[in-house]
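Visitor: My questions will all concern the structure given below.
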């Protein structure tokens, strides 16, 4: 030690012996054991500082010119009841807390991939495996809590990395679910869920597919799209094709499933029941600024029937069927025909 303000304290170095052709010597720090109480601890810490930055603690493995670099292994002890934990945490600060960075090694060769980062829970023999939780901390202030971002890396020339969220398969029981849910709010709006495929400058934009699972021995899985219920009104469900700048807009296709031996599936478009009146059902094409608007075609395949029915009533008038051809305000044009 030293008491001079401009002098540095002495270093403490511990080296194992080197070898020209064999394995180098080991350097071990081992605390004392105990038969009936807790074993001793090993503490490695950087030096304190009153006004400057505290000292760092560096753990590094040995480099190699031609072989693999050395490993760093952090492991807790096994136990008869529970295994020991491994905790890695950064320091607290008055202005900001310390960051925690886990980065795999880069590669020097052009044909080799960088190192991977693997986070995996422990396996269980008689019970379930452990969970993996990635979460930002909550806050007691009026600011927002921290975000959680899972992003694959960008690529200069090739395809960027994929992002996969999947549950594990099961041999004899039900497979795990994938649940994506936004947060609820007591007085504000509930959180939204936005799924957006990537855009492109010159090629087609990315596609988005939502499909239920198939089955080899039973029915296929169902796909449900439903909006939320509300005290003042239920939420809407909108299926809209994309707009086109110099070409046609995107189509919206509703089709039932085909069948190899039985009947194909049905397509039912209906409004729900209501207390005062039920909702209306409208089929209409869009307006055209210079040409004719789109057509509506209702047709069956060979031998199929078509029924047009209005509702009957026990206490009100029966429904009316009205078929009207289009009118025109142009003096040199004629109105449409009803055939």
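Numbering (my numbering), first residue to last: 2 to 340. Here a beta-carbon is modelled for each residue, glycine too, at the ideal position from N, C-alpha and C.
Who are the Cβ neighbours of residue 235 in its own chain at under 8 Å, not counting the five residues just before and after it?
Guide: For residue 235, where only same-chain residues beyond five positions count, the Cβ hits under 8 Å are 228, 229.
Visitor: If you draw a straight line from the C-alpha of residue 181 to the C-alpha of residue 195, how long is it?
Guide: Residue 181 and residue 195: Cα-Cα distance of roughly 11 Å.
Visitor: For chain B, is any of its Cβ atoms less than 8 Å away from the one on residue 166?
Guide: Absence of chain B from the displayed structure is noted, only one protein chain being present.
Visitor: Between the alpha carbons of residue 178 and residue 95, how many angstroms are there, rounded?
Guide: In a straight line, the C-alpha of residue 178 is about 41 Å away from that of residue 95.
Visitor: So, are the CB atoms of residue 159 and residue 153 less than 8 Å apart?
Guide: No. Outside cutoff.
Visitor: Compute the Euclidean distance between the alpha carbons of residue 119 and residue 103, then round it to the nearest angstrom.
Guide: Those two C-alpha atoms are separated by around 10 Å.
Visitor: Among 67, 82, 63, 80, which residue has its Cα nearest to the Cα of residue 73?
Guide: Cα-wise, what sits closest to residue 73 is 63.
Visitor: Can you give the Cα-Cα distance for residue 258 and residue 251, rounded to whole angstroms?
Guide: Cα to Cα, the separation comes out at about 22 Å.
Visitor: Just the Cα atoms here: how many angstroms apart are residue 135 and residue 44?
Guide: One C-alpha to the other measures close to 28 Å.
Visitor: Less than 8 Å between the beta carbons of residue 315 and residue 326, yes or no?
Guide: No. Outside cutoff.
Visitor: Short of 7 Å in beta carbon distance, which residues of its chain neighbour residue 287, apart from the five on each side in sequence? Order them along the chain.
Guide: Closer than 7 Å at Cβ, skipping near neighbours: 294, 295.
Visitor: So which of 26, 192, 92 has the shortest CA-CA distance to residue 101?
Guide: Comparing Cα positions, the closest option is 92.
Visitor: Using the C-alpha atoms, what's the distance from residue 39 back to residue 33?
Guide: Answer to the nearest angstrom: the Cα atoms are 10 Å apart.
Visitor: Within the same chain, show all residues whose beta-carbon is closer than 7 Å to that of residue 116, passing over the 5 residues directly before and after it, in chain order.
Guide: So the qualifying residues of the chain are 105, 106.
Visitor: Cα separation between residue 198 and residue 209?
Guide: Their Cα atoms are separated by approximately 6 Å.
Visitor: For residue 132, tell me which candidate among 211, 145, 217, 169 has the shortest Cα-Cα distance.
Guide: Comparing Cα-Cα distances from residue 132 to each of 211, 145, 217, 169, the minimum goes to 169.
Visitor: Whose C-alpha, out of 172, 89, 283, 51, is nearest the C-alpha of residue 75?
Guide: Among 172, 89, 283, 51, the Cα nearest to that of residue 75 is on 89.
Visitor: Measuring CB to CB, does residue 23 end up less than 8 Å from residue 17?
Guide: Result no, Cβ atoms of residue 23 and residue 17 do not sit closer than 8 Å.
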